[in-house]
Amino acid sequence: MPQSDIQRIREEITTALEEEGGWNKPALARLWLLDSLLREVARVYGLGLSEYFGQSYLSFGICV
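Numbering (the working numbering), first residue to last: 1 to 64.
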C-alpha cells in the first residue's frame, strides 16, 4: 500500500476522532477509507484469520 494512502487513512482517523470527541459510533461512521481498506483485505484474504484464532481457543479448551 502506498504511503500516500496510509497517510490519508491516518488523517481520516485523526479528523474523525477530533471532531467527534473520541472513539464513538459517530466517529466510526466517518471512517470511510478505513472501512474500504478492511473490506478489501477481507475480500482478498477471506476470513481465514478467524479460523486461526478459533483453533488457538480450542487448544485451550475454550469454545467461542
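We put the beta carbon where it would ideally sit given N, CA and C, even for glycine.
Only a predicted model underlies this, so the values are computations on that prediction, with no experimental measurement involved.
Query	Result
In whole angstroms, give me the CA-to-CA distance for LEU17 and ARG8.	14 Å
What's the gap between the Cα of SER46 and the Cα of TRP23?	Before going on, a small fix: residue 46 reads as Gly here, not Ser. Going by the C-alpha atoms only, they are around 27 Å apart.
Would you kindly work out how many angstroms separate the C-alpha atoms of GLU12 and ARG39, rounded to a whole number?	17 Å
Using only the alpha-carbon positions, how far apart do LEU34 and VAL41 sit?	11 Å
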